[in-house]
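Working notes, beginning with the structure itself.
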Amino acid sequence: MKKFLLLALAAGLAFPVAGFAEVKVGTVDMNRAFKEYNKTKDAEKKINEARDAAKKEFDDRADGYKKALEELNKLQLQLDAPALSADAKTQKGKERDEKVANIKNMERELKDFQTTRERQLQEQMKRMLEGLVKEITDIVVERVKTNGMDFVFDKSGTSLSGVNFIIYSKDSVDFTGDVITALNKKASSEKPAATPGAATSPAAATTPAKAPAKP
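The sequence shown lines up with residues 1216 to 1430 when you count with my numbering.
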């Protein structure tokens, strides 16, 4: 009886191990996939261009504000001149008040512009990031279904304490390279095809290409 119980216990322990061995697990380094995805570089370029454009517009507005301050200071010096007549002082006093009001408006506009542009850039970046993550995740899910995987873990994921969720995994279960290849292949196929002979045509090499219309 005792021998029978030991055999039963051994069999019970063996079944879960055998069941677990049938589970197919894969890993993906989402950070690597994100960085090596060609569209990520395009998104970063667009964000940088938008940020540079916003900075230039802000600097132009700031230059106008500085010039207005300089004009106000010059006008104040004229008002402080002892030889200035009472009528002239009254007239310049009105001009000064108008400039002060205008400068206050410019200060408010500068602040609103900075706040609005920053929010717009953050929203644009968020939309781009969400779109890229979705595209990467879709490819991962396709690979999961094709290869019949049961679980897939993100190798780059960390806990709140900063410790990696995956302490160790075999290289053979990692399919990050396949995901990156599929992503960039899909991205290349989405780009408009080049005109045949454009690369070898001397005219094409010397004539600037016409920029595509912006949406």
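Note that the Cβ used here is the ideal one computed from N, Cα and C, for glycine as well.
Here the structure is a predicted model, which means the values were calculated and not measured.
Based on Cα-Cα distance, which residue from 1338, 1337 and 1308 lies nearest to residue 1289?
Along the sequence shown, one-based indexing puts residue 1289 at 74. It is 1308.
Write down every uninterrupted run of the beta strand (DSSP E) in the stretch 1348-1410 whose length is 3 residues or greater and which is fully enclosed by it, in chain order.
Whole beta strand (DSSP E) segments, 3+ residues: 1366-1369.
Per DSSP, what are the beta-bridge partners of residue 1279 in this structure?
As a working mapping, residue 1279 is identified with position 64 in the sequence shown. According to DSSP, residue 1279 bridges with nothing at all.
If we ignore side chains and look at the alpha-carbon of each, how far apart do residue 1399 and residue 1372 end up?
Along the sequence shown, read from residue 1 onward, the residue named residue 1399 stands at position 184. Along the sequence shown, read from residue 1 onward, the residue named residue 1372 stands at position 157. Spanning the two alpha carbons is a distance of roughly 23 Å.
Could you check where the alpha helix (DSSP H) with residue 1250 kicks off and where it finishes?
In the sequence shown, counting from the first residue as 1, residue 1250 sits at position 35. From DSSP, the alpha helix (DSSP H) with residue 1250 extends over 1245-1251.
Hey, does residue 1293 have any beta-carbon neighbour from chain D nearer than 8 Å?
Protein chains in the displayed structure number just one, and chain D is not present.
Cutting at 6 Å between CB atoms, please list the residues of its own chain near residue 1244, excluding the five before and the five after it.
For the purposes of this step, residue 1244 is identified with residue 29 of the sequence shown, where counting begins at 1. Within the same chain, residue 1244 has close Cβ partners 1370, 1371 and 1391.
For residue 1362 and residue 1239, I'd like the C-alpha separation in whole angstroms.
For the purposes of this step, residue 1362 is taken as residue 147 along the sequence shown, with counting starting at 1. For the purposes of this step, residue 1239 is taken as residue 24 along the sequence shown, with counting starting at 1. Computed Cα separation, rounded: 9 Å.
Would you say residue 1294 touches the ligand GTP, meaning its beta carbon is less than 7 Å from a heavy atom?
Questions concerning the ligand GTP fall outside what the structure shown contains, since it holds no ligand whatsoever.
Confirm, please, whether the CB-CB distance from residue 1355 to residue 1394 is below 8 Å.
On the sequence shown, residue 1394 is found 179 positions in, with the first residue counted as 1. On the sequence shown, residue 1355 is found 140 positions in, with the first residue counted as 1. For residue 1394 and residue 1355, yes; Cβs fall inside 8 Å.
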